[in-house]
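Quick notes on the structure that follows.
There are 4 protein chains.
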Amino acid sequence: MKVDGKSRILVAARTVISRHGSNRATVRAIAEEAGMSTGAIYHYYKNKDDILYDLLDESLSDSTRIAKGIAKQELGKDKVKKEILQKTEERLKKDAENRLQYHFAHEILLGNKELQLKFKQKYKEWTFRIEEILINVYGLEDTRLNQALTSWLLGAIDGVILQYLLDVNDNDVEDMMEVFELLLEKGLPPFIQLLNDK
Amino acid sequence: MKVDGKSRILVAARTVISRHGSNRATVRAIAEEAGMSTGAIYHYYKNKDDILYDLLDESLSDSTRIAKGIAKQELGKDKVKKEILQKTEERLKKDAENRLQYHFAHEILLGNKELQLKFKQKYKEWTFRIEEILINVYGLEDTRLNQALTSWLLGAIDGVILQYLLDVNDNDVEDMMEVFELLLEKGLPPFIQLLNDK
Amino acid sequence: MKVDGKSRILVAARTVISRHGSNRATVRAIAEEAGMSTGAIYHYYKNKDDILYDLLDESLSDSTRIAKGIAKQELGKDKVKKEILQKTEERLKKDAENRLQYHFAHEILLGNKELQLKFKQKYKEWTFRIEEILINVYGLEDTRLNQALTSWLLGAIDGVILQYLLDVNDNDVEDMMEVFELLLEKGLPPFIQLLNDK
Amino acid sequence: MKVDGKSRILVAARTVISRHGSNRATVRAIAEEAGMSTGAIYHYYKNKDDILYDLLDESLSDSTRIAKGIAKQELGKDKVKKEILQKTEERLKKDAENRLQYHFAHEILLGNKELQLKFKQKYKEWTFRIEEILINVYGLEDTRLNQALTSWLLGAIDGVILQYLLDVNDNDVEDMMEVFELLLEKGLPPFIQLLNDK
DNA sequence: TATGAATGAGGTTTCATTCAT
DNA sequence: AATGAATGAAACCTCATTCAT
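Chains as they are written, first to last, in this note's numbering: chain A, 3 to 200; chain B, 3 to 200; chain C, 3 to 200; chain D, 3 to 200.
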C-alpha cells in the first residue's frame, strides 16, 4: 500500500527532530530522511512551518486523546489511578515524542505565535482534564487554586521529562514512578483535603 | 572603570538571548549589543560556543550560590522555608534568566556534549543541596528514593517555569506560590514521613 | 462544445499574466487557471516559451487586424480619424492586454531572440499601416522622414500606455484623448505639410 | 583611492541589469560582477530590493537634475530648445541607463509598491518641469489640458526609447531627432496656441 | 586590541520540466 | 490524453568565522 506524501514527510520530520544529535531539523534533512528531494517537500507543504504544525497537531492529539480517555472512563477510582500511572510511565520513556515536544517549545520561545496559540489551547484542555480527574477521583472541590494545582502537576511531569531529555536525571524511571505513585495514592488525598478546607 | 571585554560580551549575550522575540542570538547581534565589532568578539572568545559556556557557568553559579546559601545556613527551619519560598517566587518571575536556561537546554538537545556535561554536574549539585535541605529541615532519612523526590521537586519548578515562558500558564504567580507554600508547609512533612516509613 | 487544449491554455495564460498583482506567471498557475494539471500543459506545448509565442501571435494579430482594418477601409477621412480615436481610447483602457504586451517586452529585454524577431516583424507592419493612413488621410508624401514620424506616433501611444500601467499618469483617459484628438485634427495636418515641404 | 562597497555594488548592479542578454539580475550575478561573494553583498545591503532602490534613486536623480537644469536656466528660448534637443538625443542613445529604467518598470508591474511610489513622485516632478518649460518658452497658459499635453510628450520619448531597446525601431536616431526638432520648432507653437484658445 | 569587509557553507523556497502510471 | 509526484537547478538570504589593516 502506497504511503501518501504527507505521511512520509511527517514520519521523516518526526524522525529527524527526534534523532539525538541531529544538528537541526532542516528541510533538506527531512527530505533526505523521507527519500525525496527538497523540492518534493514543497509539493505537499507550503513551507516548513506547515510541516511543524501538522506534526504538532498529531502529537498534541495523541496526548489529548490519552487525557480524554482517562477522564471520560466510568472506571473505578483505583483503575483511573492505575491508568494514570501507566500512561505517565510510558510518557517518561517516549524519548522521541518528548524530544519533539521540546522542539516545539523552542520554536515558541523563538517567537512563533501560531504555534504558541495551538499549544496554549491544548494546554488548557489538558489542565481541564486533569482537574476533572482530581474532582472525580480525589473529591477536589471548586476552590480558587484548582488550576494552580493542576499546573503544578503537569509542570512536574514536563520538568522531569526535560531532565531525562537532557540526561541530567540519573534515577531509574521505576524509582521516579514509585515516588509518583506514592504521591497519587497517599500524598494527594490529604493535600486536596487541605485545599478544600481553605 | 573600564569593564573588561569578556564581561561586556557576556552581558550582551545574556541580553540578546533573553530579549523577547529576538529570533536569533547571532554573533553580530551580540557584538552590536556589546558595542564592539564582530571581529573583537573573537579576540576574547575562540568561538561562539565558548561564550555560551561562560554564560552557562555564570548562570549556573548563580543558582548554585542560592542553593548553597539556603542549605548552609544555620537558620531555624521556618527561616529556611521562607527563604525557599522567596527564592522560588523570584525565579518564577525572572523571565530573562529562565529564557537563557532554556536556550541552553535547547543547545544540549541539539547534541552539544560539553554543555551537557557542565549542566549535568551542576544539576547533581542542586539535587544534593535540595536533599540536604530535606534532611535538615524535614527530617528526611537516607531512603532509596531521596534522589527521586528531589528530582520531582526540581522538575516541578522547571516545568512551571517553562509554562510561563511559553505563556500557557494563566495563573498568577501568587496563586502558584500559594499552592507551593501549602506543599512545603503541610504537604511535604507527612509525605516525607511516608518515605521514611517505607 | 469542447474547447481544444491549446485554446484553454492560451486563455489561462493571458488571464494569469494580466492579473493585477500576479507576481509570476508560472506553469502551475496557468495549469490551475486552465483547470488541468501541469503535465497536461506539456502535452500541448513543448515548453513555456512556446506558450508565450502563441500568445504573442494572437495578441499581435489582434492589433494588426485593427491596424489593417482601419487602413484598408475605403472610408471617408473623417470616418478614419474617428476610427483611430476610438481604437486608441479602447487600447488605453485595455489594462490586461497592455500588461501582456509589456510582459513580452520584458522577455525581449531579457534576451529572447525569437520573441524579438516576431515583435519586430509586427512592428514593421504597424508602422507601415500607420504610414498608409498618413498618406491617404493626411496627404503625406514620400519623404525621408515618414518612418520616423510614424515611430513617434506609435511610441507616444505606447509610452502613455506604460504610464497608465505604472500608475504614474493621473490624467483621465478622456483628457488624454482630447489632446490626442486635437493633434489628429489640427496638429498633424500642418505638421505633415512642413514635412512635405522639406 | 578605495571605492566603497555600496558604490561597487551599485556599479555592478547597473552593469548587470544593463547587459544585453543578461538573463536576470541575480544577486549572484551582481556579486560576481562586483568581484565579491554573495554574502558580501548583504554586508552592505539588507536585501536585493534595497540595491534596486538605491539604483533607482541615483538614476532618477540624474534625470531630475537634467530636467531641473533646463527649466531653471535663465537662458534665451532658443538656448533652451537646443538644450532639450541635445539632452533628448543623449537619452535616446543611453542604452544602459534606459534598460535600467525599464527594469524598474517591470518590477513595478510585478507589484512592487515602494518602487511605484518613488517612480510616481519623480514622474510628477518631471511633468512639472516640462510644463514649466512649455509655459516659459512656448507661452502655454493655464489650460485644463496642460498636464495631458506634458504626459504625451514624456510618453512619446519613453515609447521611442522602448522601441530602441526592443530593437524594433530601425530609424537613425538622427532622423528621429530631426522630426522631434521640427516638432519643437514648428509644430508645438501653433498647437499650444490652439490649446490656449480653447 | 580592534575593525569591519569578506567568505563560504548551508538555510528555505520557487519553478520549469520529466515521467511512471 | 491526462495526472501529479518528483527532480534539480537556482533563487534569495543568514551567519560563524577569518583576515588584512
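All C-beta atoms in this analysis are idealised placements derived from N, C-alpha and C, irrespective of residue type, glycine included.
Model, not experiment: these values are computed from the prediction.
Rounded to the nearest whole angstrom, the CA to CA distance from asparagine 138 of chain C to leucine 102 of chain C is 32 Å.
Not a single CB atom of chain C sits nearer than 7 Å to the CB of glycine 141 of chain D.
Neighbourhood of proline 192 of chain A in chain B, by CB distance below 7 Å: Pro192, in chain order. When C-alpha distances from lysine 48 of chain A are compared across A/Met178, A/Lys8, A/Tyr125, the shortest belongs to A/Lys8. Assignment of glutamate 143 of chain D by DSSP, reduced to helix, strand and coil, places it in the coil class. DSSP places aspartate 97 of chain B within a helical segment (H, G or I) once states are collapsed to three. If the five residues before and after alanine 15 of chain D are omitted, its C-beta is found closer than 6 Å to the C-beta atoms of Ile32, Ile53, Leu57, all from its own chain and listed in chain order.
Counting only runs of at least 4 residues, the segment 42-103 of chain A fully encloses the following alpha helix (DSSP H) elements, listed from N- to C-terminal order: 50-74, 79-95. Cβ contact annotation for leucine 186 of chain B (same chain, cutoff 6 Å, sequence separation greater than five): Lys83, in chain order.
Between threonine 145 of chain A and leucine 184 of chain A the beta-carbon gap is near 23 Å, outside 8 Å, which marks them as no contact. When Cβ-Cβ separations below 7 Å define contact, leucine 102 of chain A makes no contact with chain B. For the pair leucine 167 of chain A and leucine 111 of chain B, the Cα-to-Cα distance works out to about 7 Å. A residue is called buried when at least 16 other Cβ atoms come within 10 angstroms of its Cβ; serine 63 of chain D does not meet this threshold and is exposed.
Taking a C-beta distance under 7 Å as the contact criterion, valine 162 of chain B and glycine 37 of chain A do not qualify as a contact pair. The Cβ atoms of isoleucine 159 of chain D and alanine 73 of chain D do not sit closer than 7 Å to each other. Annotation: Cβ neighbours of lysine 122 of chain C in chain D (cutoff 9 Å, chain order): Leu168, Asp169, Val170, Asp172. Serine 9 of chain D sits in a helix when the DSSP states are folded into three classes. Residue contact check for aspartate 177 of chain C against chain D: a CB pair falls below 7 Å. At a Cβ-Cβ threshold of 7 Å, glutamate 133 of chain B and asparagine 148 of chain B count as neighbours.
At least one C-beta of chain C is nearer than 7 Å to the C-beta of aspartate 160 of chain D. The Cβ of lysine 188 of chain A sits closer than 7 Å to at least one Cβ of chain B.
Annotation: glutamate 116 of chain D to glutamine 123 of chain D spans about 11 Å, alpha carbon to alpha carbon. Note that the C-beta distance between asparagine 171 of chain A and serine 65 of chain B is not below 7 Å.
Residue environment: histidine 105 of chain B is assigned as buried (16 or more neighbouring CB atoms within 10 Å of its CB, all protein chains considered). Among the residues facing chain A, glycine 157 of chain B is included, as its CB has a counterpart in that chain under 7 Å away. Contact annotation, threonine 90 of chain A with phenylalanine 182 of chain A: C-beta distance approximately 6 Å; criterion of less than 8 Å satisfied. Within chain D, no residue has its beta carbon less than 8 Å from that of valine 29 of chain C; the closest one is some 17 Å off.
With 16 or more neighbouring CB atoms inside 10 Å of its own CB, alanine 150 of chain B falls in the buried class.
By the 16-neighbour rule on beta-carbons within 10 angstroms, threonine 129 of chain C is buried. The shortest C-alpha to C-alpha distance from glutamate 99 of chain A to any of A/Val175, A/Glu180, A/Tyr44, A/Leu164 is the one to A/Leu164.
Counting only Cβ-Cβ distances below 8 Å, serine 153 of chain A has contacts in chain B at Val162, Gln165, Asn171, Asn173, Met178, in chain order. Contact between arginine 30 of chain A and threonine 40 of chain A holds: their C-beta atoms lie close to 5 Å from each other, under 8 Å. Taking C-alpha positions only, isoleucine 19 of chain D is separated from aspartate 97 of chain D by approximately 11 Å. Around the C-beta of arginine 67 of chain D, fewer than 16 other C-beta atoms lie within 10 Å, and the residue is accordingly described as exposed. In terms of beta-carbon proximity, isoleucine 132 of chain A stays away from the interface with chain B, with every pair separated by 7 Å or more. Only residues of its own chain outside the window of five on either side were considered, and among them Val139 have a CB closer than 7 Å to the CB of lysine 79 of chain D, listed in chain order.
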